[in-house]
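6 protein chains.
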Amino acid sequence: MVKKENNRLDDFRKARAEGNEKVMEANHLGLKRFFNLDTNAYKDGALPGKTKELLGLTASAVLRCNDCIDYHLEQCTKAGYTKKEIVDAMNVALVVGGSIVIPHLRHAMETLELLDQEGSLKEKG
Amino acid sequence: MVKKENNRLDDFRKARAEGNEKVMEANHLGLKRFFNLDTNAYKDGALPGKTKELLGLTASAVLRCNDCIDYHLEQCTKAGYTKKEIVDAMNVALVVGGSIVIPHLRHAMETLELLDQEGSLKEKG
Amino acid sequence: MVKKENNRLDDFRKARAEGNEKVMEANHLGLKRFFNLDTNAYKDGALPGKTKELLGLTASAVLRCNDCIDYHLEQCTKAGYTKKEIVDAMNVALVVGGSIVIPHLRHAMETLELLDQEGSLKEKG
Amino acid sequence: MVKKENNRLDDFRKARAEGNEKVMEANHLGLKRFFNLDTNAYKDGALPGKTKELLGLTASAVLRCNDCIDYHLEQCTKAGYTKKEIVDAMNVALVVGGSIVIPHLRHAMETLELLDQEGSLKEKG
Amino acid sequence: MVKKENNRLDDFRKARAEGNEKVMEANHLGLKRFFNLDTNAYKDGALPGKTKELLGLTASAVLRCNDCIDYHLEQCTKAGYTKKEIVDAMNVALVVGGSIVIPHLRHAMETLELLDQEGSLKEKG
Amino acid sequence: MVKKENNRLDDFRKARAEGNEKVMEANHLGLKRFFNLDTNAYKDGALPGKTKELLGLTASAVLRCNDCIDYHLEQCTKAGYTKKEIVDAMNVALVVGGSIVIPHLRHAMETLELLDQEGSLKEKG
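Chains as they are written, first to last, in the UniProt record's numbering: chain X, 1 to 125; chain Y, 1 to 125; chain G, 1 to 125; chain S, 1 to 125; chain H, 1 to 125; chain Z, 1 to 125.
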């Protein structure tokens, strides 16, 4: 039971949305175009969007960014990955990035638990 | 209105000052000389100190260090940069460093808002 | 025509094999186990090995390691990815990692051309 | 006196233990083996374990991971290093890694103070 | 006299142009848009393009990418910076990024010498 | 037998010395002081200089800089470390930094072989 912790994920979503809004309000064409490019990178293309979400998660893990990990974990669960699949991707990130990734692995495990409590993890793995 | 958040910037300044004091108290000649070198790097030289503060901000952003970003944002506003100029520098950091910089861009936007509320951002941009 | 360049890929394979042999000859149990763990991370598991090769490529690209990129490009072409799919994965790496990834993107494009000349890229994309 | 801060170190230990447990519960052979390899890397070998703890601390500092720094500071104090020796290692990390390491140096100094308050720093340096 | 070395800079320009062409030939909309965004980031905006070239150089130096450093050194000399100004920017990069930047500082010094031999460094500094 | 390769280490030493000379000729007080600080960081202090050379090697390996690795390998062999001890330190770097360190581990193994051929590795390990 990490019920009170659930606020951590809700707080992140709220802060992320507010922060992105502030970035948009700065009204810089380059920033706006980058955000657009970022969104488009995960849409279906030569590779399915679902596969690219997993690439985004692994890249975020080896670059050690918790906010990026949380965002991509949410996208990966929406795309239908099971916990076992996500953990297998995190194992690649751990091997590539080393033990310095472990604190982010712990963070990801907690986020997965929070997503599961919300019912966002479709299939238990 | 992010008034209560203002504590975030005040807390940072206090923690930074206390932490630097603890570093000095360790009384290691190498650490002291490094801190001195760090201070001198941003003084007027072949390039004006003002320009070098912007270099410090961009370097901090691509290396993804929020404390360093906050410190250099404060120095940049003291040096007289407008919000529009700072945002334009952050755009270079975003393009060079990629979407992994976005959480730090959001952080910087909030810090700029806090600096503006304090009246530290001289000119609105 | 980059025929003479073909040596670059052959040289890499030879140097990589010789280097790995020297690592094994050092006869350190930790190093041997790590190499074993590394090999196993890309085998079929909760995720297919094919998917994990693409994760390895993307992680290598955002961490900016040309040798790792070349190795995973070779594995990805063996696993059956088309050029278009590999380029789509590299686009995710570029967006996540920023323009600092571009020299490695250029390197990857040349490697793909060399792999194609060898007949290793099964389907043209 | 940073007595209330003492919770920071206790909270870290508790969160670290719980997080590691969640990682183990994911029941992925690769993750388990990596954790095992990580533990073994710091045991007596050609180099004494004590020396390797200091290598772990310095690596954590230049890679800028506070959780890793806290863990290795605790291990280094258990291994018998004095504050002066730890600070001398952190100076190498600062010179190699640059001013971007300074926020982590401040963090380490506070952790050392907390460890000293607990009586974990055997010899004052 | 490093006349024969001059090939290094010429070779880089040629390889860079050819590599960028191969990237464009891959015909991926995301890659094309990113390259466009990258070019635009250094055009006059709230900050002059000249200032942003120096930001690009410093970001490239702390992220330790020789190809990016060479490209931005060339752009900085075209924009009219003197050697003394460029060296002052590299000093900020060294302090922020640490001794791990030194091999790239040596590389930059050689590139500056090559640019000077070509007559590209307008004013000696 | 990698006799012809011996040029690689000799070339590195020559290029490093020439590059450092060019940095000194730029006559920037900050750069000179940084180089001085860098030299002093590895002198006997609270920790013996010998221990700090090993810290420098490990930091260079996790930050993935071949020139820095070669320099510190040479310093470590001068300080009297055996091959087995150096390999044990590299194992810590591999575990902390992950498989992305492997190309640098291969490089280090070759450098150690070159140092051994020169008779610089005092004790075979």
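The beta-carbon is built from N, C-alpha and C at its ideal position, and this holds for glycine as well. Quantities reported herein were computed from a predicted structural model and do not represent experimental measurements.
Are any of the Cβ atoms in chain G nearer than 7 Å to that of residue i?
i, result
"Gly119/X", "no"
"Asn91/Z", "yes"
"Leu114/Z", "no"
Any Cβ of chain X within less than 7 Å of the Cβ of residue i?
i, result
"Leu31/H", "no"
"Met24/Y", "no"
"Gly87/Y", "In the sequence on display, residue 87/Y carries Val and not Gly. Interface residue, yes."
"Leu73/Y", "no"
"Asp10/Y", "no"
Return the residue from the list the options that minimises the CA-CA distance to residue i.
i, options, result
"Thr77/S", "Leu94/S, Val92/S, Arg64/S, Lys52/S", "Lys52/S"
"Arg106/Y", "Ala26/X, Ala79/X, Ala46/X", "Ala26/X"
"His104/S", "Ala17/S, Arg16/S, Asp67/S", "Asp67/S"
"Leu121/S", "Thr82/S, Leu9/S, Asn20/S, Glu21/S", "Thr82/S"
"Cys65/H", "Lys84/H, Ala93/H, Gly80/H", "Ala93/H"
"Asn20/H", "Arg16/G, Asn7/G, Met109/G", "Met109/G"
"Asp38/Z", "Glu113/H, Leu115/H, Asp10/H, Ile102/H", "Ile102/H"
"Lys22/Z", "Lys50/H, Leu114/H, Glu74/H", "Leu114/H"
"Gln75/Z", "Asn7/Z, Arg8/Z, Arg13/Z", "Arg13/Z"
"Ala41/G", "Glu18/X, Gly119/X, Glu85/X", "Glu85/X"
Does the beta-carbon distance from residue i to residue j come in below 7 Å?
i, j, result
"Leu63/X", "Ile100/Y", "yes"
"Asp88/H", "Gly45/Y", "yes"
"Thr58/S", "Ala59/Z", "yes"
"Asn91/S", "His72/Y", "no"
"Gly97/X", "Val96/Z", "no"
"Lys50/Y", "Ala79/Y", "yes"
Using 7 Å as the limit for Cβ to Cβ distance, is residue i near chain H?
i, result
"Ala79/Y", "no"
"Lys50/Y", "no"
"Lys84/Y", "yes"
Any Cβ of chain Y within less than 7 Å of the Cβ of residue i?
i, result
"Cys76/X", "no"
"Ile100/G", "yes"
"Ala59/Z", "no"
"Asp38/H", "yes"
"Phe34/X", "yes"
"Lys122/H", "no"
"Arg13/S", "no"
With a cut-off of 7 Å, does the C-beta of residue i fall near any C-beta of chain Z?
i, result
"Val62/S", "yes"
"Leu47/Y", "no"
"Asp67/G", "yes"
"Ala41/S", "yes"
"His28/G", "yes"
Does the beta carbon of residue i come closer than 7 Å to any beta carbon on chain S?
i, result
"Gly56/H", "no"
"Ala108/G", "no"
"Thr111/Z", "no"
"Gly97/H", "yes"
"Leu105/X", "yes"
"Val2/Z", "Confidence is the limiting factor: at Val2/Z the pLDDT is only 45, short of 50, which leaves the residue's position unreliable, though a coordinate-based value still follows. Chain S, which has no Cβ nearer than 7 Å to the Cβ of Val2/Z, makes this no."
Any contact of the stretch 27-43 of chain G with the stretch 24-34 of chain S, i.e. 3+ C-beta pairs under 8 Å? Counting Cβ pairs under 8 Å, three or more are found: they touch.
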